[in-house]
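Engineer:
There are 2 protein chains.
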Amino acid sequence: MRLAELSERSGVSTATIKYYLREGLLPPGRQVNPRTAEYDEEHLRRLRLVRAMIQVGGVPVAKVREVLGHVDDDSLGRTIRLGAAMWALPQLPEPDEDDEYVRAAHAEVAALLDRLGWENTKQLTTISPSYRSLVVAVAAFRRTGYDWGAEQLAPYAELMHRTAVLDLDNMETHPAGTERVEFAVLGAVLNEPVLRALHRLAQEEETARRYGFE
Amino acid sequence: MRLAELSERSGVSTATIKYYLREGLLPPGRQVNPRTAEYDEEHLRRLRLVRAMIQVGGVPVAKVREVLGHVDDDSLGRTIRLGAAMWALPQLPEPDEDDEYVRAAHAEVAALLDRLGWENTKQLTTISPSYRSLVVAVAAFRRTGYDWGAEQLAPYAELMHRTAVLDLDNMETHPAGTERVEFAVLGAVLNEPVLRALHRLAQEEETARRYGFE
Numbered sequence: 027m028r029l030a031e032l033s034e035r036s037g038v039s040t041a042t043i044k045y046y047l048r049e050g051l052l053p054p055g056r057q058v059n060p061r062t063a064e065y066d067e068e069h070l071r072r073l074r075l076v077r078a079m080i081q082v083g084g085v086p087v088a089k090v091r092e093v094l095g096h097v098d099d100d101s102l103g104r105t106i107r108l109g110a111a112m113w114a115l116p117q118l119p120e121p122d123e124d125d126e127y128v129r130a131a132h133a134e135v136a137a138l139l140d141r142l143g144w145e146n147t148k149q150l151t152t153i154s155p156s157y158r159s160l161v162v163a164v165a166a167f168r169r170t171g172y173d174w175g176a177e178q179l180a181p182y183a184e185l186m187h188r189t190a191v192l193d194l195d196n197m198e199t200h201p202a203g204t205e206r207v208e209f210a211v212l213g214a215v216l217n218e219p220v221l222r223a224l225h226r227l228a229q230e231e232e233t234a235r236r237y238g239f240e
Numbered sequence: 027m028r029l030a031e032l033s034e035r036s037g038v039s040t041a042t043i044k045y046y047l048r049e050g051l052l053p054p055g056r057q058v059n060p061r062t063a064e065y066d067e068e069h070l071r072r073l074r075l076v077r078a079m080i081q082v083g084g085v086p087v088a089k090v091r092e093v094l095g096h097v098d099d100d101s102l103g104r105t106i107r108l109g110a111a112m113w114a115l116p117q118l119p120e121p122d123e124d125d126e127y128v129r130a131a132h133a134e135v136a137a138l139l140d141r142l143g144w145e146n147t148k149q150l151t152t153i154s155p156s157y158r159s160l161v162v163a164v165a166a167f168r169r170t171g172y173d174w175g176a177e178q179l180a181p182y183a184e185l186m187h188r189t190a191v192l193d194l195d196n197m198e199t200h201p202a203g204t205e206r207v208e209f210a211v212l213g214a215v216l217n218e219p220v221l222r223a224l225h226r227l228a229q230e231e232e233t234a235r236r237y238g239f240e
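Here the protein sequences come in this chain order: A and B. For the first sequence, position 113 (counting from the first letter as 1) is numbered 139 according to the working numbering, and the numbering increases by one without interruption. For the second sequence, position 188 (counting from the first letter as 1) is numbered 214 according to the working numbering, and the numbering increases by one without interruption.
1. Would you call T105 (chain A) buried or exposed, if buried means 16 or more other Cβ atoms sit within 10 Å of its Cβ?
2. Please report the distance separating the alpha-carbon of G143 (chain A) from that of Y157 (chain A).
3. Looking at chain A, which residues of the segment 99 to 122 of chain B have a Cβ within less than 8 Å of any of its Cβ atoms?
4. Measure from the alpha carbon of G61 (chain B) to the alpha carbon of each residue in B:V87, B:Y46, B:T189 and B:L29, then state which is nearest.
5. Quick one: residues in its chain with C-beta nearer than 8 Å to the C-beta of V85 (chain B), no 5 flanking neighbours on either side, listed in chain order?
6. Counting only Cβ pairs nearer than 9 Å, list the residues of chain B close to G171 (chain A).
7. From this set, B:A163, B:P219, B:W113 and B:L192, which residue's C-alpha is nearest N217 (chain A)'s C-alpha?
8. Can you list the residues of chain A that I146 (chain B) reaches, using a CB-CB cut of under 9 Å?
9. Spatial neighbours of L102 (chain B) within its chain, please: CB distance less than 8 Å, with the 5 preceding and 5 following residues excluded, ordered by chain position.
10. Per DSSP, what kind of secondary structure is Q117 (chain A) in: helix, strand or coil?
11. By the three-class DSSP mapping on this structure, what secondary structure does R56 (chain A) have?
12. Mind checking which residues open and close the alpha helix (DSSP H) that includes A202 (chain B)?
13. Of the residues B:V58, B:L73 and B:E49, which one's Cα is nearest the Cα of S33 (chain B)?
14. Three-state secondary structure (DSSP) at E31 (chain B)?
15. Grouping DSSP H, G and I as helix and E and B as strand, with all else coil, what is T233 (chain B)?
16. Cβ closer than 7 Å: which chain B residues qualify as neighbours of M186 (chain A)?
17. In this structure, does DSSP put E64 (chain A) in helix, strand or coil?
18. Along chain B, in chain order, which residues have C-beta atoms closer than 7 Å to that of V82 (chain A)?
19. Return yes when the Cβ of L138 (chain B) is within less than 7 Å of the Cβ of K148 (chain B), no when it is not.
20. Would you decide whether T40 (chain B) is buried or exposed? Buried here means 16 or more other CB atoms lie within 10 Å of its CB.
21. Exposed or buried, which one is Q57 (chain A) when buried takes at least 16 other CB atoms within 10 Å?
22. Which same chain residues end up closer than 8 Å to R35 (chain B) when comparing Cβ atoms and leaving out the 5 residues on each side of it in sequence?
23. Which residues of the segment 187 to 207 of chain B have a Cβ closer than 8 Å to any Cβ of chain A? Give them in chain order.
24. Would the beta-carbon of E134 (chain B) fall within 7 Å of that of G175 (chain B)?
25. Checking 7 Å against the spacing of the C-beta atoms, do L47 (chain A) and V76 (chain A) come in under that value?
26. Taking Y157 (chain B) as the query, report the chain A residues whose CB atoms sit under 7 Å from its CB, ordered along the chain.
27. Measure the beta-carbon distance from N146 (chain A) to E231 (chain B) and round it to whole angstroms, keeping in mind my assumption that it falls under 8 Å.
28. Output the distance between the C-alpha atoms of T189 (chain B) and L185 (chain A), rounded to the nearest integer angstrom.
29. Going by the beta-carbon positions, is the gap between A131 (chain A) and V90 (chain A) smaller than 7 Å?
30. I'd like to know whether the C-beta atoms of A166 (chain A) and R141 (chain A) end up nearer to each other than 7 Å.
31. Is the shortest distance between the beta-carbon of L150 (chain B) and the beta-carbons of chain A less than 7 Å?
32. Which two residues bound the contiguous alpha helix (DSSP H) that contains Y157 (chain B)?
33. Tell whether a beta-carbon distance below 7 Å holds between A210 (chain A) and L108 (chain A).
34. Mind checking if P181 (chain A) is an interface residue toward chain B, Cβ cutoff 7 Å exclusive?
35. For L32 (chain A), would you say it is in contact with chain B, using Cβ-to-Cβ distances shorter than 7 Å as the test?
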């Protein structure tokens with residue numbers, strides 16, 4: 027398809043597509059003559075991914091380029107390739123290891139992983155930004171004076187694991203390789219707002235069930 | 027306790043506490059003489075809530091004041107008081123009702139609520155920002171070309187409902203009234219980053235279980 031059709035099918039303006047091409051976020055089309063390039067379904071899929079990351083996820087252009095570098099790197103094993111792409115997405119600030127709440131949070135998260143038997147995650151604690159984000163988030167909770175530790179976190183972690191099983195099941199309906207990694211990144215950007223909204227809506231439903239509308 | 031002790035126990039500087047007092051985010055202490063005021067446990071609790079909203083949640087000062095107005099409004103019924111406080115927290119942008127994806131998302135979310143039997147939520151669709159956030163998030167997913175509707179959303183919604191049950195059970199361990207509403211707001215600000223991190227960590231665990239580290 028030509029640039030105009032790519033724009034129409036994606037809902038992204040031709041000016042923005044040209045910008046993404048210049049920034050290397052979209053691979054060049056196949057040049058059919060000096061003034062015209064042809065684009066295919068892979069361009070369309072990639073364009074939708076880039077737009078979702080930038081417009082919905084608020085991911086900066088340099089980060090998008092980094093994420094796509096991992097998405098396209100088929101020299102990596104599947105777990106690490108998927109991890110690298112997800113880890114390049116924006117994360118919480120790094121934990122301050124000198125902070126007493128951070129140290130307590132590390133201990134609670136370690137106890138949590140033991141209790142859950144998440145043996146794979148235990149091997150990733152030194153490299154996974156998700157692990158560090160969890161430490162930061164737990165430390166922030168503890169700093170407010172609430173005793174938020176392994177015991178309180180475990181039932182939430184079990185539910186989040188069931189959520190992750192759904193994510194992976196959905197991902198596996200897509201062809202293995204680049205397309206599957208693309209869907210995982212898209213899921214991280216687009217599904218997190220869906221989950222947050224569903225969670226808040228469920229809180230409202232449950233509150234009304236317990237207390238009515240008085 | 028005096029200002030210095032309030033600062034020490036909360037970890038918030040005296041300058042910041044004075045700023046919160048001036049902005050009306052913290053009720054004044056009991057004046058024991060013209061130069062000295064006394065603060066109590068309620069001030070400490072409120073201060074921790076304000077700091078979590080501003081520092082962790084990035085909630086603007088004017089929004090914090092609005093949230094606290096609802097937290098303190100004991101003329102409202104419990105469901106609406108809790109809702110009003112949560113709804114004053116920052117939300118996704120409002121849906122554009124002229125957009126075809128937004129219209130499709132409304133239909134899918136309506137079908138979802140029917141399928142789930144969330145009868146209370148159905149009564150709140152015109153006033154709940156969480157409902158509108160869900161419509162915006164589902165529309166963004168559909169815009170990328172994925173058929174994301176009631177059928178795909180239902181299993182996620184069930185898990186988020188179980189998460190909400192845990193939230194309410196935790197909330198009910200706190201004394202009814204203002205303290206309980208404060209905990210709910212704190213939970214929304216502090217627990218969402220915990221859940222997001224647990225979810226990503228669970229995805230890593232599940233990915234490694236399925237694909238190993240190859």
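All C-beta atoms in this analysis are idealised placements derived from N, C-alpha and C, irrespective of residue type, glycine included.
Structural biologist: Walking through what the data contain:
1. Using a 10 angstroms sphere on the CB of T105 (chain A), the tally of other CB atoms reaches 16 or more, which defines it as buried.
2. Rounded to the nearest whole angstrom, the CA to CA distance from G143 (chain A) to Y157 (chain A) is 15 Å.
3. Of all residues in the segment 99 to 122 of chain B, the ones placed with a Cβ closer than 8 Å to any Cβ belonging to chain A are G103, R104, T105, I106, L108, G109, M112 and L118, in chain order.
4. This sequence places Arg at residue 61 (chain B); Gly is not what is there. Among B:V87, B:Y46, B:T189 and B:L29, the Cα nearest to that of R61 (chain B) belongs to B:L29.
5. Contacts found: M79, V93, L115, P116 and V215.
6. Residues of chain B whose Cβ lies closer than 9 Å to the Cβ of G171 (chain A) are, in chain order, R35, S36, L70, R71 and R74.
7. Answer by Cα proximity: B:A163.
8. It is worth fixing the name first, because residue 146 (chain B) is Asn in this sequence and not Ile. The answer, in chain order, is E230, E231, E232, T233, A234, R235, G238 and F239.
9. Excluding residues within five positions, the ones whose Cβ falls inside 8 Å are H96 and A110.
10. The answer is coil: DSSP assigns Q117 (chain A) none of H, G, I, E or B.
11. In the structure shown, R56 (chain A) falls within a strand segment according to DSSP collapsed to helix, strand and coil.
12. No alpha helix (DSSP H) holds A202 (chain B); DSSP gives it neither H nor E.
13. Nearest C-alpha to S33 (chain B): B:L73.
14. E31 (chain B): helix per DSSP, three-state reduction.
15. Reduced to three states, the DSSP call for T233 (chain B) is helix.
16. Residues of chain B passing the Cβ test: L221, L224, H225 and A228.
17. In the three-state reduction of the DSSP assignment, E64 (chain A) falls in the strand class, which pools E and B.
18. Per Cβ cutoff of 7 Å: A166.
19. No.
20. Taking all protein chains shown into account, T40 (chain B) has fewer than 16 neighbouring C-beta atoms within 10 Å of its C-beta and is therefore exposed.
21. Note on Q57 (chain A): under 16 other CB atoms within 10 angstroms of its CB, so exposed under the neighbour-count rule.
22. A distance below 8 Å between beta-carbons, with the five flanking residues on each side excluded, links R35 (chain B) to the following residues of its chain, in chain order: M27 and L70.
23. Closer than 8 Å at the C-beta level to chain A, one finds these residues of the segment 187 to 207 of chain B: H187, R188, T189, A190, V191, L192, D193, L194 and N196.
24. Yes, these two residues count as a Cβ contact at 7 Å.
25. No, the pair does not count as a contact, with Cβ atoms beyond the cut-off.
26. Chain A residues near Y157 (chain B): L227.
27. Taking 8 Å as the upper bound for CB-CB distance, N146 (chain A) and E231 (chain B) are in contact here, some 5 Å apart.
28. One Cα belongs to T189 (chain B), the other to L185 (chain A), and the distance between them is close to 7 Å.
29. Taking 7 Å as the Cβ cut-off, A131 (chain A) and V90 (chain A) do not qualify as a contacting pair.
30. Not a contact, by the Cβ cut-off of 7 Å.
31. Yes, L150 (chain B) counts as interfacial toward chain A.
32. Looking at the DSSP string, the run of the alpha helix (DSSP H) that includes Y157 (chain B) is P155 to R169.
33. Judged by their CB atoms, A210 (chain A) and L108 (chain A) are nearer to each other than the 7 Å cut-off.
34. Chain B, which has a Cβ nearer than 7 Å to the Cβ of P181 (chain A), makes this yes.
35. Taking Cβ atoms only, chain B never reaches closer than 7 Å to L32 (chain A), which makes this a no.
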